[in-house]
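Here's the structure we're looking at; comments come further down.
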Amino acid sequence: MATLYITNADNEVFATVNGLVVYDRKTENNPTFSDQVDLTPYLADGLNTLVVAGVNWGGPATFKGTVVVGKIETPFAFTAPSTPNGIVFHQTFVIPQ
C-alpha cells in the first residue's frame, strides 16, 4: 500500500506514477490542506516511479507532503522566498510492488 499526502502547494504541485498524472492541484497564497492520494491502484508489479513536482508562478514557493509506503513515511519539503516561474522542485521516489 502506498499513499501520497500533500499539505502545502504554492502554487501548483503534481504527481505522476510511472508517467501517469495521479494528482494536480493549483493554489495561491500558500494554503494548508490535507490531500491524500491512494497510489496503490496505479502501481505495477516490480518497481514503480513516483515523481512529485512543484511549479511556482513567481514569488515565494512552498511544497510539503509525505509519501507513505507500507509503514515507511518519507516527508518532502521545499521552501524558497522567491523563484523564477516554472518547475522549481521535484523529487523521485521508487515504490516496490
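Numbering (the working numbering), first residue to last: 22 to 118. Don't be surprised by glycine CBs; every beta carbon is placed ideally from N, CA and C.
**Request:** Measure the Cβ-Cβ separation of Thr70 and Met22 and say whether it is below 7 angstroms.
**Result:** no
**Message:** So for Pro135, helix, strand or coil by DSSP?
**Reply:** No statement about residue 135 is possible, as the shown extent of the chain runs from 22 to 118 and does not include it.
**Request:** Can you have a look at Ala65 and say buried or exposed, based on whether 16 or more other CB atoms are within 10 angstroms of its CB?
**Result:** exposed
**Message:** Whole angstroms are fine: how far does the CA of Ile108 sit from the CA of Pro52?
**Reply:** 19 angstroms
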